[in-house]
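Participant: Please read through the structure below; I'll follow up with questions.
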Ligand SMILES: *[C@@H]1O[C@H](CO)[C@@H](O)[C@H](O)[C@H]1NC(C)=O
Ligand SMILES: *[C@@H]1O[C@H](CO)[C@@H](O)[C@H](O)[C@H]1NC(C)=O
Ligand SMILES: *[C@@H]1O[C@H](CO)[C@@H](O)[C@H](O)[C@H]1NC(C)=O
């Protein structure tokens, strides 16, 4: 069996249908005028299983997103670069639905007030591919949300000092590095002794070899038809060295992770959607070469690197 997933979605694709509001997607449509989302090698998600995985209808584009709070959806920057703030009138967030067109017993539809793209996002090589949408009105406070990674002490070990240009320098393994930001971390974690920590405290680990869930409504093969139903699949998060061998310097391990499984991958239309480990969004579907190509894993934004940015941006844009 080949091992690797393929790539994730290339951009949200979709088609420039230029619809003023979202129009139903025909599952038989193929090609560039259909949004995509789909997961290659996936199985259908059950009602209520992944209520925090959202459909983003962005003008004519389709992307995925993660509901991380009553008013905030995490997605990929590359889903939004075609737009300015005036375009939010054509944005819709479909929450707690299995259908790319919305609907179902607990379906919630929201508009978008504004979006914020990471200041350092750049198209080449798609570094810092993270953005937030602010919903037009909050969803119920007791809705289910995806959690952000919560262990900055371990995360600092991921980022070599040489790559921190423009970002705060991390003090690897120093207890004081966390003294004001992570009071709940056990001292042993702060000291870098993570081997016996419960999984729940390892959110900022590298996630190497961890099984994660990918989900979306994108195409079920590269260039194929979208899925009108939410699909999910398991993938394995790979060691950064494997991703670097596949993608060369395009892969920036401090800011990205890659994941794969035989015959399984994210694909067009899945962009912006989550990689989930134990209810935590650890990745954002960003890019890949092909879909489920055994030689190329899907590449995802490494969310742990952006927790501070996400939380600050949420606070500044309620
Ligand atoms: C954004 O809105 C403007 C003004 O309505 C429109 O001309 C433009 O096509 C929109 N951009 C996209 C990518 O849909
Ligand atoms: C990940 O799994 C591979 C293959 O089983 C193994 O060689 C490697 O040591 C593992 N890495 C980690 C960090 O667990
Ligand atoms: C996906 O992974 C979970 C947790 O590791 C496991 O329980 C489940 O059976 C897996 N599903 C498939 C389809 O392999």
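Residue numbers (mature numbering (1 follows the signal peptide of the UniProt record, and there is no 0)): -19 to -1, 1 to 299.
In this text, a Cβ means the ideal position worked out from N, Cα and C, and glycines have one as well.
Rank 277, 22, 263, 270 by C-alpha distance to the C-alpha of residue 131 and give the top, closest one.
Facilitator: Closest in C-alpha terms to residue 131, from the list 277, 22, 263, 270, comes 263.
Participant: Need the endpoints of the alpha helix (DSSP H) that residue 224 sits in, please.
Facilitator: Per DSSP, the unbroken alpha helix (DSSP H) holding residue 224 starts and ends at 221 to 228.
Participant: Alpha carbon to alpha carbon, how far is residue 189 from residue 183? Give it in angstroms, no decimals.
Facilitator: For residue 183, the predicted structure reports a pLDDT of 44, less than 50, and the residue's modelled location is therefore unreliable. The matter cannot be settled from this model.
Participant: What is the DSSP secondary structure of residue 231, counted as helix, strand or coil?
Facilitator: helix
Participant: Should the segment 285 to 297 be called in touch with the segment 36 to 46, which here means at least 3 C-beta pairs below 8 Å?
Facilitator: no
Participant: So, for residue 294: in the same chain, excluding its five sequence neighbours on each side, which residues have a beta-carbon less than 6 Å away from its beta-carbon?
Facilitator: 97, 113
Participant: Where does residue 103 sit, in a helix, a strand or coil, going by DSSP?
Facilitator: strand
Participant: Flag this pair as yes or no: are the beta carbons of residue 23 and residue 195 separated by less than 9 Å?
Facilitator: yes
Participant: Can you name the start and end residues of the alpha helix (DSSP H) that residue 288 belongs to?
Facilitator: Residue range 288 to 297 is occupied by the alpha helix (DSSP H) that includes residue 288.
Participant: I'd like the list of long-range same chain contacts for residue 87, defined as Cβ closer than 6 Å, with 5 residues on each side in sequence excluded.
Facilitator: 77
Participant: For residue 109, count neighbouring C-beta atoms within 10 Å of its own C-beta (all shown protein chains included) and say buried if the count is 16 or more, exposed if not.
Facilitator: buried
Participant: In the DSSP assignment, find the unbroken beta strand (DSSP E) run with residue 73 in it and report its ends.
Facilitator: 72 to 76
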